[in-house]
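A.B. asks: So the protein lines, in turn, are chains V and X. Using this note's numbering, you'd call the opening residue of the first sequence number 418 and step up by one each time. Using this note's numbering, you'd call the opening residue of the second sequence number 6 and step up by one each time. Each residue gets a CB set at the ideal place from its N, CA and C atoms; glycine is no exception.
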Amino acid sequence: MQDSIRLHYRRLYILPTKRGMGFVALLVLLVTIAAIYNNNLVYLLSFLLASIFFITILHTVKSLEGIVLKKGHNPAVFLGENTQNQLILDNPTNTARFSVQVNLLNQTPQIIDINAQDKNSVLLKQITTQRGWHQSSTLIIASLYPLGLFRTWIKPKLEFKTLVYPRPSANSSPFPSSHISDDAPADSSQGQDDFYGVQSYQAGDSPRKIHWRALAKGQGLYSKQYSGESRANELILDYELTTGADSEQRLSQLCRWVIDAHQANIPYAFKLGSLHLDTHQGEQHYQQCLEALALF
Amino acid sequence: MNPNISSRTLIFLLSSIGLMTLPHVLHVPLPLISFFFLLLGWRFIGIFKPAYLPSQIIVFCLLLSGIGLLIFMHQGVFGRDAGTAVFITALGLKLLEIKSERDLYLITYLAFIVAASQFLYLQNLFMAVYILLVTISLLGTLLCINSGSLGNTASIKKAGSILLQALPLMAVLFIFFPRIEAPRWSFLQDNNQAITGLSDSLEPGSISQLGLSGDIVFRAKFTGKIPENNQRYWRGPVFSYTDGKRWTASRNRRFKHYLDKVTFSGEAYHYKLLMEPQAKNWVFALDMPAAFEFPLHENGVHQLLTSKSFSQRAEYPISSYAQYNTGYITKVEYRENLQLTPQPAERIDELVAQLGGFDDDPEQFIKNLFQHFRENKFEYTLMPPALPNKPIETFLFDTQAGFCGHYATAFTYLMRVAGIPARIVTGYQGGIYNETGKFIEVRQANAHAWSEVWIQGKGWVRYDPTTAIAPERINNDVNIEQQISNNSISFAPIQLDSQTVSLLKSMRSVWSSMDYSWHRWIINYNRRNQLDFLSKLGIHNILSLLYWLIGSIAFISLILAAYLFKKDRIKRDKTQHYYWQACQKLVPLKLIKAQYEGAEDFAKRVDATAPEFKAQFQIITTLYIQLRYGNIKQQKRLIQQLKQAVKQFKPRGV
Chain V
418 MQDSIRLHYR RLYILPTKRG MGFVALLVLL VTIAAIYNNN LVYLLSFLLA SIFFITILHT
478 VKSLEGIVLK KGHNPAVFLG ENTQNQLILD NPTNTARFSV QVNLLNQTPQ IIDINAQDKN
538 SVLLKQITTQ RGWHQSSTLI IASLYPLGLF RTWIKPKLEF KTLVYPRPSA NSSPFPSSHI
598 SDDAPADSSQ GQDDFYGVQS YQAGDSPRKI HWRALAKGQG LYSKQYSGES RANELILDYE
658 LTTGADSEQR LSQLCRWVID AHQANIPYAF KLGSLHLDTH QGEQHYQQCL EALALF
Chain X
6 MNPNISSRTL IFLLSSIGLM TLPHVLHVPL PLISFFFLLL GWRFIGIFKP AYLPSQIIVF
66 CLLLSGIGLL IFMHQGVFGR DAGTAVFITA LGLKLLEIKS ERDLYLITYL AFIVAASQFL
126 YLQNLFMAVY ILLVTISLLG TLLCINSGSL GNTASIKKAG SILLQALPLM AVLFIFFPRI
186 EAPRWSFLQD NNQAITGLSD SLEPGSISQL GLSGDIVFRA KFTGKIPENN QRYWRGPVFS
246 YTDGKRWTAS RNRRFKHYLD KVTFSGEAYH YKLLMEPQAK NWVFALDMPA AFEFPLHENG
306 VHQLLTSKSF SQRAEYPISS YAQYNTGYIT KVEYRENLQL TPQPAERIDE LVAQLGGFDD
366 DPEQFIKNLF QHFRENKFEY TLMPPALPNK PIETFLFDTQ AGFCGHYATA FTYLMRVAGI
426 PARIVTGYQG GIYNETGKFI EVRQANAHAW SEVWIQGKGW VRYDPTTAIA PERINNDVNI
486 EQQISNNSIS FAPIQLDSQT VSLLKSMRSV WSSMDYSWHR WIINYNRRNQ LDFLSKLGIH
546 NILSLLYWLI GSIAFISLIL AAYLFKKDRI KRDKTQHYYW QACQKLVPLK LIKAQYEGAE
606 DFAKRVDATA PEFKAQFQII TTLYIQLRYG NIKQQKRLIQ QLKQAVKQFK PRGV
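1. Can you give me the start and stop residues for the alpha helix (DSSP H) that lysine 572 (chain V) sits inside?
2. Output, in sequence order along the chain, the residues in the stretch 151-166 of chain X whose CB is closer than 7 angstroms to any CB in chain V.
3. Going by C-alpha distance, which of X:Leu565, X:Glu617, X:Leu101, X:Lys652 is nearest tryptophan 701 (chain X)?
4. Shorter than 7 angstroms from the beta carbon of glutamine 646 (chain X) to some beta carbon of chain V?
5. Counting pairs of Cβ atoms below 8 angstroms between the stretch 433-450 of chain V and the stretch 562-575 of chain V, do you hit three or more?
6. List, in order along the chain, the chain X residues whose C-beta lies closer than 8 angstroms to that of proline 492 (chain V)?
7. Grab me the residues of alanine 603 (chain V)'s own chain with a C-beta within less than 7 angstroms of its C-beta, minus the 5 sequence neighbours each way, in chain order.
8. Quick one: Cα of arginine 251 (chain X) to Cα of leucine 462 (chain V), how far?
9. Helix, strand or coil for proline 322 (chain X), going by three-state DSSP, please let me know.
10. Below 9 angstroms on C-beta distance, what does tyrosine 584 (chain X) contact in chain V?
11. Under 8 angstroms Cβ-Cβ, which residues of chain V neighbour tyrosine 530 (chain X)?
12. Would tyrosine 114 (chain X) count as contacting chain V if we go by Cβ distances under 7 angstroms?
13. If you draw a straight line from the alpha carbon of alanine 451 (chain V) to that of leucine 360 (chain X), how long is it in whole angstroms?
14. Residues of chain V with CB closer than 9 angstroms to the CB of glutamine 170 (chain X), please, in chain order.
15. List, in order along the chain, the chain X residues whose C-beta lies closer than 7 angstroms to that of phenylalanine 567 (chain V)?
16. Between which two residues does the beta strand (DSSP E) holding valine 539 (chain V) run?
17. Between which residues of its own chain and glutamine 170 (chain X) is the CB-CB distance below 7 angstroms, once the five residues before and five after are set aside?
18. Let me see if you follow: with CB-CB separation under 7 angstroms, is alanine 133 (chain X) close to chain V or not?
19. Taking only beta-carbon atoms, is methionine 175 (chain X) less than 7 angstroms away from chain V?
20. Does isoleucine 527 (chain X) get closer than 7 angstroms to chain V when you measure Cβ to Cβ?
21. Taking the alpha helix (DSSP H) that phenylalanine 607 (chain X) belongs to, which residues open and close that run?
22. Return the residues of the stretch 555-572 of chain X that lie within a Cβ-Cβ distance of less than 7 angstroms from chain V, sorted by chain order.
23. Could you spell out the range, first to last residue, of the beta strand (DSSP E) harbouring serine 421 (chain V)?
24. Lysine 598 (chain X): buried (16+ other C-beta within 10 angstroms of its C-beta) or exposed?
25. Check whether the stretch 69-89 of chain X touches the stretch 695-705 of chain V, counting contact only when three or more Cβ pairs, one atom from each stretch, lie closer than 8 angstroms.
26. Buried or exposed, going by whether 16 or more other CB atoms sit within 10 Å of the CB of alanine 686 (chain V)?
27. In terms of residue numbering, what span does the beta strand (DSSP E) encompassing glutamate 338 (chain X) cover?
28. Alpha carbon to alpha carbon, how far is serine 456 (chain X) from threonine 417 (chain X)?
29. Among the candidates X:Ile528, X:Ser12, X:Cys409, X:Gln236, whose CA atom is the shortest distance from the CA of glutamate 208 (chain X)?
30. In the structure shown, what three-state DSSP assignment does histidine 490 (chain V) receive?
31. Should cysteine 149 (chain X) go down as buried or exposed, given a rule of 16 or more other Cβ atoms within 10 Å for buried?
32. With a threshold of 7 angstroms between beta carbons, is serine 516 (chain V) in contact with chain X?
33. Using DSSP bridges, identify the partner residues of methionine 280 (chain X).
34. So aspartate 530 (chain V) contacts chain X; which residues on that side make the cut at Cβ distance below 9 angstroms?
35. Which residues in chain V have a C-beta closer than 7 angstroms to the C-beta of leucine 178 (chain X)? List them in chain order.
36. Count the other CB atoms within 10 Å of the CB of lysine 443 (chain X); is the residue buried (16 or more) or exposed (fewer)?
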């Protein structure tokens, strides 16, 4: 699949707009007036406007000709969020472009200008409805420039594939504890060392332990649970440990754990189906996990 | 008001509309035009103070009052004046109801119709140029709507360039678009202009518009010799009686019986006169008719009349002689042609005396008088100043500008002052010889007036005082276009007494030739002229016309397209090129600059991944940014530096 497309006049469609048809009606009226009064100057005016109408075809086509479309930044998103496909419109020519309309099918167009020898970009947003690869719908580039009498458009074969992670489950449940060794009574050993999960807030929990981030997200009141360093390596996020009605819910749960763990900077191992990732930490590990979740 | 419509667009639109309607101040009744400008002004204020805009109810009341005004001022909606008034009022009312972009378009289209209506009143070059300029401004409005950041001047410029590019196509359409002689629907015609042609009386200044009509009066198809242009005098009504202003025919019907026989000499002209439908029973024979057939008969002043229906096309065979002698005149005729009303003013008497009018030789006096016209820079113009009182005296001493009617009346009057019997003959002069049809075509614009002077031994002799002023009018192959363009041009002999005068004269002559071309090629490019022109190109039928039309449109469009689409020379400037080269050198290191990544961001990434090239790449980046975005004074030197830096940049070698 192509990553950049140069708009070529041979591929551009063009049709008069409703206003253009109105203009034609005006021309007919003017020619009629000219004929009735045998007035050559009215003829001249009608012919001038007719010629302008005709020439506008060229100008309208030219308004898109030569623009190079390139895919820009295209970050993965969580399910339910909008895609953020950046489309770069590069104008390598010496003529500035005005009012270029860019939109995905059935969306209201975004209107941008591009200076000569310059670039401009639009963010194409589309709500995601499914986990996995999201295919953007048809891209439409159109222009009414210069007089609005004609509309030229093209549907370039430029598809944006966006990776869609599962929707993180809303209520963050504590990290799975079954894999944490039972060396010491859970309560007494839960000190200030290392974060390992969250629990529903219970009266008496120190305010410092409150999971403010979750609260801010409106997810309810939780307290963070910490554990000694010895257990840190033990955090294993396993699909098998999740609960939920169906696989999507369970993936959501797992996704939430991964996010929480990543945000809290806890190293974690990841198990999903046949994929086993060793305990690790950092952006790359995080991405790997989310990707696996998306494509499961 | 829709917030989407920027005030910039509105200002653009309203100013264009105001300019477009402005010339109508001259023709549209004052209440209507004031109503329009009131609405326009209201809307204009509304741009800055939206609260002042009228509410729905007030708009409705305005609508009603507009309709009321229209009904009061005009009957109906058809015809030039009423139609113009309707469009102007509609335009004004629509201005108060701008809700969407669609309304802007509707208003623009209405404005174009108003522009067209201007041409129904005035067709001169100035008006055309003015409308052209306002058209640019209206197109600029449409551009404004359709282009976000394009500035005002840029919009006008772009509109101008589109208009310029449209001109060749317009010319092609103008030349080839078949002109239809539309039926003249009576309800669409306004009766404020009399149909041109000859009438049964003559006033020096009353028929300024005479000579601007291209309607054919008759054609004369000759067998044998064809008269020279200066012999083509087609005789019409003769006026002997004057009340000081108006000249009318003699009431004496009995002349004929006492007339001396006309003796003809020289060569005869034989022709068939094909008269177009006429309003009067006059038949315009070549001066002087000798032989004709029923239903024609001659009256006492040698004018031919028909007793058959004259409202239909008719053909009459006639013979005429250019040389003739009408012999003696009767006493009554003598008296009638010396009648003087009013009695001459003192300065007229002085003038006649000065020119030798009271001497014995009438022909010398005529010569002197012609010279007087020439030397005193009398002007020939179809748009002379009006002469309400004492027309002849005012003309002779004050205005000194007029057309054939003025000269003929003045000349005849002066003759009578000198005691020489004289009268005015009206008719047509000239006519275009049509090579293909072998006939002379005479149009209303050829209408003319000249004088006849009775000279002992010669009878009535034709003198055309207009030749003294504008010999071109008579001697040249005067065609209608020329005459129309002569409109307000002086034929006064050029006097080179001072440089300013000569400069003025030459400017005038440039202008007159421009004006001539304008009328000749644009205003008067009618069906007949079009057929003539097209046949010169070898176009004789509709099919070849179509080929030409399509061919030339295709040709022009191709040239235009080639011009517009010529590969915008993509001068990716050298800066870009060198920087791109540098980036290419980093590709093997898996350092690929992303499209969206700025140069500085990329440099940081290079630092992070490959710190060993940091310094080198930093230089390149700095130079690049300086060249691209900085104030470039030493561009060449910096580019050279960049080139060197990129050349030395060898990340792979390290």
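C.D. replies: Taking the definition as stated:
1. Premise fails: lysine 572 (chain V) is in no alpha helix (DSSP H) and is neither H nor E.
2. Within the stretch 151-166 of chain X, the qualifying residues are Asn151, Ser152, Gly153, Ser154, Leu155, Lys163.
3. Examination of residue 701 (chain X) is not possible in this model, given that chain X is present from 6 through 659 alone.
4. Not an interface residue.
5. Output reads yes: the stretch 562-575 of chain V touches the stretch 433-450 of chain V.
6. In chain order: nothing, as chain X lies at least about 11 angstroms away.
7. The predicted position of alanine 603 (chain V) is uncertain, since its pLDDT is 41 and thus under 50; a value taken from the coordinates is nonetheless stated next. Correct list: empty, nothing qualifies.
8. Looking at the two C-alpha atoms, the distance is approximately 42 angstroms.
9. Strand, per DSSP.
10. Identification of chain V residues near tyrosine 584 (chain X) by a Cβ-Cβ cut-off of 9 angstroms yields none; the smallest Cβ-Cβ distance measures about 14 angstroms.
11. Per Cβ cutoff of 8 angstroms: Asn457.
12. Closer than 7 angstroms to some Cβ of chain V, the Cβ of tyrosine 114 (chain X) qualifies, so yes.
13. Cα to Cα, the separation comes out at about 53 angstroms.
14. Going along chain V in sequence order, the residues near glutamine 170 (chain X) (Cβ under 9 angstroms) are Ser468, Ile469, Ile472, Leu475, His476.
15. At a beta-carbon threshold of 7 angstroms, none of the residues of chain X lie near phenylalanine 567 (chain V); the nearest stands roughly 10 angstroms away.
16. Residues 535-541.
17. Result list for glutamine 170 (chain X): Leu565, in chain order.
18. So yes, alanine 133 (chain X) belongs to the interface.
19. Interface criterion met: the Cβ of methionine 175 (chain X) is under 7 angstroms from a Cβ in chain V.
20. Interface residue, yes.
21. Looking at the DSSP string, the run of the alpha helix (DSSP H) that includes phenylalanine 607 (chain X) is 604-614.
22. Taken in chain order, the members of the stretch 555-572 of chain X whose beta-carbon sits within less than 7 angstroms of a beta-carbon on chain V are Leu565, Ala566, Leu569, Phe570.
23. Looking at the DSSP string, the run of the beta strand (DSSP E) that includes serine 421 (chain V) is 421-423.
24. Flag for lysine 598 (chain X) reads buried.
25. The stretch 69-89 of chain X, when compared against the stretch 695-705 of chain V, does not touch it at the 8 angstroms Cβ threshold.
26. Looking at its Cβ environment, which holds 16 or more other Cβ atoms inside 10 Å, alanine 686 (chain V) is buried.
27. Run containing glutamate 338 (chain X): none in the beta strand (DSSP E); it sits in the alpha helix (DSSP H), 336-341.
28. Whole-angstrom Cα-Cα distance: 6 angstroms.
29. For the options X:Ile528, X:Ser12, X:Cys409, X:Gln236, the alpha carbon positioned closest to that of glutamate 208 (chain X) is the one of X:Cys409.
30. The answer is coil: DSSP assigns histidine 490 (chain V) none of H, G, I, E or B.
31. It counts as buried.
32. For serine 516 (chain V), the answer is yes, since a Cβ of chain X falls inside 7 angstroms of its Cβ.
33. X:Phe223, X:Ala319.
34. Those are Ser152, Gly153, Ser154, Leu155, listed as they occur along chain X.
35. Correct list: Phe464, Ala467, Ser468.
36. Exposed: under 16 other Cβ atoms inside 10 Å.
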